[in-house]
Structure formats: C-alpha cells, structure tokens
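S.K.: Pasting a structure below so you can have a look.
Protein chains in written order, with my numbering: chain A, 1 to 172; chain B, 173 to 710.
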C-alpha cells in the first residue's frame with residue numbers, strides 16, 4: 001500500500017513535469033539578455049557575527065511590486081540554504097527558505113543561526129515566477145559566527161579574583 | 173365576546189392581512205398557582221392593555237381563546253408595533269410581581285391571504301401565525317419573512333433571522349425572524365410612552381448620545397451587547413406601582429429623560445421581555461441563525477449552541493460557533509512560535525472552510541471585491557493579498573450587517589488545535605489523507621490545492637486548517653510571541669507591512685501544516701497559495 005502511494009506520487013510528478021515543459025515557453029516572462037542580479041552585501045565567504053543586512057542589486061531591469069506587469073520589471077526573492085533547483089514555470093515557493101520581497105524591497109535583515117549559510121537572489125515576475133532566461137544571482141556563502149559571550153566587567157573582575165585566590169591558595 | 177367586529181365588508185371573504193397570534197406561556201402553570209388571581213389579571217390586561225393597544229394600531233381582535241387571542245391588522249408594521257407595545261407593557265406590569273406570577277405572552281405575526289368571516293379568520297396565514305406564536309419565547313415576538321420584508325427598513329429594532337423552518341402542516345418552509353426590541357427600553361416602557369414612538373425614547377436617544385448614525389451604532393453593538401447583558405441588576409422599587417397607571421407612567425417618563433435609557437429590570441437573568449440567546453437554534457435541524465440588526469446578547473457563560481453552524485445569507489460562508497476558552501499557544505519547534513503562552517479567546521464563529529472561489533466571486537459580482545477568480549467554485553479562493561481578504565470581510569459585513577473580520581492569530585490557532593496540544597490536531601505524526609501538503613500523501617496535486625472539505629474536519633467541525641491554502645489572519649507579523657496579547661485579540665500596530673499567515677499551503681511540507689506554524693507575507697501582495705477564512709464575533 002505504501003509502495004503504491006509512492007508509485008502514484010511519482011507518476012503525478014512525472015505528469016506534472018511533462019505538462020510544465022510544454023507550457024513553460026509561453027508562460028514565462030522574458031527578461032532582457034543583459035540584465036543581471038547580484039548580492040551587494042554581504043560578499044561571498046564573509047564571516048559575520050549576529051544579524052546582518054542583505055542588499056540586493058539588479059542591473060538593466062527595474063524593481064517593482066508583485067502583480068505589476070510592466071515589461072522588464074520584477075521583484076526579489078532571497079533563497080537561504082536552498083539546494084533544489086527552481087521549477088521554471090511554478091511560482092517561487094514561499095517558506096522559511098524562500099523569502100519574498102513582493103513590495104519591491106531591495107534589502108532585508110537576516111538573523112541566522114551560527115554556521116555556514118548560502119544566499120541567492122532570484123527575480124520573479126508579476127506572478128512570482130522566474131523570468132526567461134532565469135535571473136538568478138551567484139550563490140554566496142556566509143559564515144555566521146556564534147554570538148560573543150558578553151560578560152559584565154563585574155563578572156570579569158570576580159572571575160579574575162577567584163583565579164588569583166585559587167593560585168594564591170596553591171602557592172604556600 | 174370582546175372585540176368582535178363586523179366592520180369588514182361581507183362578500184369579499186379573502187383579503188391580505190397581518191395576523192397576530194398570541195398566547196400566555198405557561199398558562200396552566202399560572203392557573204395552577206393562582207387560578208382566580210391569574211384570571212383576574214389576565215382579564216384586566218385584556219381590557220386595559222391588549223384591546224386598546226390593538227385598537228390604537230388600527231387592528232381588531234378576531235377572537236380570544238382561553239389564554240390567547242387572534243388579531244388582524246391592515247398593516248404588518250402596525251401589527252409588529254402592537255406586538256412590541258404589548259410585550260413591553262406586560263414586562264412593565266410584571267416587574268411588580270414575583271417571577272412565578274409573571275404573565276408572559278408569546279406572539280407570532282404573519283402576513284397572509286386569509287379568509288375572513290365576521291367572527292373568525294381562516295387559512296394558512298392564520299396557521300402560520302399560530303405556529304410562530306408557538307415557537308416564540310415567552311415575552312418574545314416572532315415574525316415571518318413576509319412581515320420582515322415589509323417592516324425591515326421602517327421599524328428601528330433588531331431582527332434575528334432564525335432561518336427557514338418547516339412548520340407543521342405547512343407546505344413550504346417559512347423564514348422566521350425574532351424581533352429584538354432595545355433591551356434597555358424594556359422595563360420603563362408603559363403604554364403612555366411606548367404607544368407610537370417607543371423607539372424614540374431609549375433607542376434613538378442612545379444613538380444621539382453616541383453621536384453616530386444607525387450603521388455606526390450597529391457596528392459598535394456586537395462588542396457592547398454582551399456587557400450590557402451582564403450588567404448587574406438594578407432594583408427599581410419606585411417602578412413597582414408606576415407601571416399600574418398611565419398617569420404615574422407619564423410622570424416616570426418625564427422624570428426619565430429621553431436620552432437616558434430606563435433602568436434595567438430586576439432579575440436581569442429573567443428579563444420580562446426576553447431578549448433571548450438563540451435558544452431555538454440547537455433544536456432546529458437547519459439552525460440557520462442570522463441577526464439582521466442588533467444581535468442578541470450572548471452571555472459568556474452560556475454554552476448556547478456552540479458547535480452548530482449557520483450562514484448569514486444564502487451565499488455567505490458557513491460558520492461554526494465556537495465556545496471561547498483558554499489554550500496554550502505556540503510551540504518550541506521554531507523560534508517564531510516561542511514562548512508558548514496561555515491565551516484566552518472569547519466565543520466567536522469561524523468559517524467551516526476557507527472562503528471559496530464561488531463565495532469570493534459573489535463579492536466580485538457585487539463590486540465589493542477586485543479581480544474575479546477562476547476555477548472550481550468549491551476550490552479555496554487564492555492568489556489574494558491580506559488587503560483583498562480585508563475587502564471581502566468589509567463587504568460581507570456591510571451586506572449582512574454582521575461583524576465579519578479575519579480571525580485573530582490566537583483564534584486561528586485555538587480553532588486549529590481544537591483542544592489538542594500536539595503538532596497536528598490528530599497527533600504528532602503526519603498521517604495520510606489528513607492534510608493537503610507536500611509529502612502528506614494523496615490526494616495531492618502540486619499545481620493546485622484540493623477543493624475545500626476534501627480532508628476530514630477537526631473535532632470542532634472545521635476543515636482545512638492544515639495545508640491547502642495558507643490563511644491570512646488579522647495580526648501584524650512579530651518574529652515571536654514576546655509581548656503578545658493573551659486575551660485572544662489581534663496583535664496589531666497602526667501600519668504594519670507584513671501580516672501573519674497560518675496553516676501552511678499545499679506547496680509547503682508537513683512542518684508548515686502544524687497547528688503552531690507561522691508565516692508572514694507583505695499584506696498588499698498576492699501569492700497563489702494564499703487565501704483566508706472569515707470569523708464573526710458572536
């Protein structure tokens with residue numbers, strides 16, 4: 001029974017991809033060939049502590065809000081730690097890893113857990129679908145450092161005194 | 173026989189008339205309690221109150237029965253006015269007596285084509301009036317849809333629709349409305365004051381004080397009325413005798429300026445003119461309650477008819493009445509869902525399903541909403557922004573006179589949990605055929621959500637709170653529950669760009685379909701997986 005469910009799921013997935021390949025040509029919004037999308041900040045490989053801003057860059061196209069069908073305009077989507085390829089004819093997903101900026105924002109602030117993370121921008125059309133050719137930035141990697149353990153000067157002094165006391169008691 | 177009349181022209185036996193049927197609730201009990209006293213008081217009421225009042229409203233008494241009477245009016249408006257005056261005057265008279273001696277009439281008014289004999293009337297129209305009277309609460313007035321249509325814009329008081337009822341031995345179902353006179357005007361009402369302009373005294377006065385129009389008053393009413401109903405009883409000894417004579421009543425009226433509502437009657441739990449909670453609905457199979465104007469007070473403690481559903485109009489979303497209660501909101505699974513905190517929500521009604529394409533397009537057709545939606549009419553409406561959803565609830569409120577709104581985030585989670593504390597209402601594990609989400613099993617179509625109601629309802633009778641379309645709620649987005657309200661209200665600021673979405677969508681995996689899962693999106697931006705469901709205050 002379980003196997004059957006999986007089988008039918010595969011079958012639907014196959015049918016879906018088939019239908020999409022037929023549709024994709026007309027459904028996607030064209031983008032100018034010289035347009036490019038990039039992340040202004042942070043830079044690839046940067047090590048950051050705490051929350052940090054992300055600034056979006058777009059050349060040879062305009063940023064607008066979602067729903068606006070003016071040619072050569074779109075809006076940003078930021079992909080965080082996304083490894084799967086986007087489906088070209090589907091709206092870009094919205095979840096904790098696909099952040100939408102449908103109001104036409106050009107920057108955001110992220111607060112990610114410590115560790116390595118990848119960031120990538122995708123431009124979406126009025127319906128949140130990728131353009132053709134797809135406008136996607138280079139995928140950058142940032143390392144978020146663990147928050148610095150901040151101790152008050154009082155605690156630091158108490159600690160130092162304890163250390164001195166301990167060393168003092170050992171000495172005689 | 174009192175009030176028999178031959179004024180009607182013999183020879184035209186059929187005519188359209190408003191029929192008023194009334195009887196005394198618990199007549200046998202009253203007679204058993206005090207036969208002679210009850211009879212004497214009943215006769216006095218007839219002589220002093222009922223017959224003159226009917227006469228004043230251009231009606232005539234057709235006949236009296238042991239404990240009731242049948243009257244006929246040319247105008248449905250006059251008939252209902254008369255009914256209200258009788259009820260209010262009776263309430264005033266009862267205030268001087270212990271509750272077990274109260275004489276309380278039940279009144280039904282119907283508009284129908286009847287056969288008129290010199291000393292009786294016959295026909296369906298009469299039978300329906302009698303059935304309405306039978307259904308009415310003691311001290312209450314029930315009217316048929318035909319009467320309502322005639323008076324709804326002319327008589328300023330509340331009308332609560334109780335839906336279409338199949339009455340015994342009547343072929344077609346009859347739409348029934350409960351008339352809700354202003355509760356504050358109850359005990360002070362006497363014939364002197366209440367005759368024609370009874371509404372003017374307390375009711376319009378209140379409106380004037382509020383300095384707002386009728387509509388504005390209505391919109392304030394839903395939140396205000398429960399408190400009004402729960403206000404402590406005020407004893408009014410001065411009133412006991414006052415109601416007995418017109419003269420005193422007039423004095424009392426003058427001492428009680430029109431702008432100030434008269435004091436509420438003693439024993440507010442047993443209002444002489446019952447402004448009852450929807451006590452009829454649970455028994456009725458098609459409990460289809462609607463309040464066309466002033467909603468009845470719903471005391472918080474009353475279990476009333478929670479769990480039952482209703483519609484405010486034919487194409488309105490079906491709502492389920494939910495009892496309020498406390499629950500633990502949030503989870504420790506994602507930082508946005510912390511801290512877990514206790515929230516108390518008030519009773520409210522929530523859409524059984526998300527708003528459908530069909531329901532949305534009704535709003536579009538009425539020019540209340542933008543952009544018609546394609547697809548199956550039972551598919552959840554989607555590709556809607558928070559602002560779109562807001563337009564829908566505004567339109568629905570305006571067209572029904574009810575306080576429709578988006579649910580608050582707390583209300584949404586309370587409804588989604590349905591008493592559970594796990595990840596899903598059915599438990600902690602994803603089970604097949606429970607939710608419309610990615611990897612949650614068949615039926616699943618990656619391109620569109622399932623039709624509403626495809627997946628089973630939770631214990632509260634609500635569908636599609638896990639997956640399907642992600643649903644807008646009233647709250648602004650806050651990254652966690654630090655400082656969140658605990659009274660079930662929406663957490664909002666004057667202008668927030670992002671609003672909360674709950675339930676996840678069919679495009680998200682099962683972790684987004686959890687009861688506690690939260691998401692946000694720009695409130696002015698549409699997305700194909702975003703829809704909403706409506707809430708209504710009770």
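The C-beta atom is built at its ideal place from N, Cα and C for all residues, glycine as well.
(1) Quick one: list the residues of chain A neighbouring residue 700 of chain B, beta-carbon separation under 8 Å, in chain order.
(2) The beta strand (DSSP E) spanning residue 333 of chain B covers which residue range?
(3) Taking 8 Å as the threshold (beta carbon to beta carbon), is residue 671 of chain B in contact with chain A?
(4) Shorter than 8 Å from the beta carbon of residue 608 of chain B to some beta carbon of chain A?
(5) By the DSSP assignment, the alpha helix (DSSP H) with residue 530 of chain B in it spans what residues?
(6) Verify the CB distance criterion: does residue 696 of chain B have a CB-CB separation below 8 Å to chain A?
(7) Report the three-state DSSP secondary structure of residue 614 of chain B (helix, strand or coil).
(8) Where does residue 563 of chain B sit, in a helix, a strand or coil, going by DSSP?
(9) In or out: residue 73 of chain A buried (at least 16 other Cβ within 10 Å) or exposed?
(10) The segment 94-113 of chain A: which residues have C-beta closer than 7 Å to a C-beta of chain B, in chain order?
(11) Based on Cα-Cα distance, which residue from B:661, B:301, B:609 and B:336 lies nearest to residue 518 of chain B?
(12) Taking DSSP as the reference, what is the three-state secondary structure of residue 632 of chain B?
(13) With 8 Å set as the bound, which would you pick, yes or no: does the beta-carbon of residue 66 of chain A sit closer than that to a beta-carbon of chain B?
(14) When Cβ atoms are compared, which residues of the segment 674-689 of chain B fall closer than 7 Å to chain A?
(15) If we ignore side chains and look at the alpha-carbon of each, how far apart do residue 156 of chain A and residue 566 of chain B end up?
(16) What are the residues that DSSP puts in a beta bridge with residue 500 of chain B?
(17) Leaving out five residues on either side along the sequence, give the residues of the same chain with a beta carbon under 7 Å from the beta carbon of residue 249 of chain B.
(18) Closest Cβ-Cβ distance between residue 432 of chain B and chain A: below 8 Å?
(19) Rounded to the nearest angstrom, how far is the Cβ of residue 610 of chain B from that of residue 679 of chain B, given a contact under 8 Å?
(20) Would residue 689 of chain B and residue 703 of chain B qualify as a contact pair, given that the criterion is a beta-carbon distance under 8 Å?
(21) Using 8 Å as the limit for Cβ to Cβ distance, is residue 441 of chain B near chain A?
(22) Using 10 angstroms around the beta-carbon of residue 237 of chain B, count the other beta-carbons present and answer buried if the total reaches 16, otherwise exposed.
(23) In whole angstroms, what separates the C-alpha of residue 487 of chain B from that of residue 531 of chain B?
(24) Are the Cβ atoms of residue 308 of chain B and residue 279 of chain B separated by less than 8 Å?
(25) Where does residue 224 of chain B fall in DSSP's three states?
(26) Tell me which residue opens and which closes the alpha helix (DSSP H) that residue 586 of chain B is part of.
(27) Look at the alpha carbon of residue 500 of chain B and the alpha carbon of residue 514 of chain B, and state the distance between them as a whole number of angstroms.
(28) Taking 8 Å as the cut-off, does the segment 48-64 of chain A touch the segment 101-108 of chain A (at least 3 CB pairs, one atom from each stretch)?
(29) Which residue marks the beginning of the alpha helix (DSSP H) containing residue 210 of chain B, and which one marks its end?
(30) Can you name, in chain order, every residue of its own chain whose Cβ lies under 7 Å from the Cβ of residue 623 of chain B, other than the five neighbours on each side?
(31) Could you give the first and the last residue of the continuous alpha helix (DSSP H) run that contains residue 256 of chain B?
(32) For the segment 561-575 of chain B, which residues have a beta carbon sitting closer than 9 Å to at least one beta carbon of chain A?
(33) Taking Cβ-Cβ distances shorter than 7 Å, what residues in chain A pair up with residue 331 of chain B?
(34) For residue 504 of chain B, I'd like the list of residues in its chain whose CB is within less than 8 Å of its CB, leaving aside the five on either flank, ordered along the chain.
(35) Given that residue 693 of chain B touches chain A, what residues does it touch there, using C-beta distances under 7 Å?
(36) Taking only runs of the beta strand (DSSP E) that begin and end inside the segment 95-172 of chain A, which ones reach a length of at least 3 residues, in chain order?
M.R.: In brief:
(1) Correct list: 91, 127 and 128.
(2) 330-337
(3) no
(4) Under the Cβ distance rule, residue 608 of chain B does not count among the residues neighbouring chain A, no pair being separated by less than 8 Å.
(5) 529-537
(6) yes
(7) coil
(8) helix
(9) So residue 73 of chain A ends up on the buried side.
(10) Of all residues in the segment 94-113 of chain A, the ones placed with a Cβ closer than 7 Å to any Cβ belonging to chain B are 94, 95, 100, 102 and 103, in chain order.
(11) The shortest Cα separation from residue 518 of chain B among B:661, B:301, B:609 and B:336 belongs to B:661.
(12) Residue 632 of chain B sits in coil when the DSSP states are folded into three classes, being neither helix nor strand.
(13) So yes, residue 66 of chain A belongs to the interface.
(14) 679, 680 and 684
(15) 59 Å
(16) B:514
(17) 322, 323, 326 and 327
(18) With a pLDDT of only 37 at residue 432 of chain B, under 50, the local geometry of the prediction cannot be trusted, and the value read off the model is given with reservation. Interface with chain A (8 Å Cβ-Cβ cutoff): residue 432 of chain B is excluded.
(19) 6 Å
(20) no
(21) With a pLDDT of 35 at residue 441 of chain B, under the threshold of 50, the modelled position of this residue cannot be trusted, and the question is left open.
(22) Residue 237 of chain B sits exposed, since fewer than 16 C-beta atoms from the chains shown fall within 10 Å of its C-beta.
(23) The C-alpha of residue 487 of chain B lies about 6 Å from the C-alpha of residue 531 of chain B.
(24) yes
(25) helix
(26) 581-589
(27) 5 Å
(28) yes
(29) 207-217
(30) 548, 550 and 551
(31) 248-266
(32) none
(33) By Cβ distance, chain A contributes nothing, its closest Cβ being about 41 Å from residue 331 of chain B, past 7 Å.
(34) Excluding sequence neighbours, residue 504 of chain B sits near 510 and 512.
(35) Ordered by position in chain A, the residues that pass the 7 Å Cβ test against residue 693 of chain B are 94 and 100.
(36) 98-101, 107-110, 115-124 and 140-145
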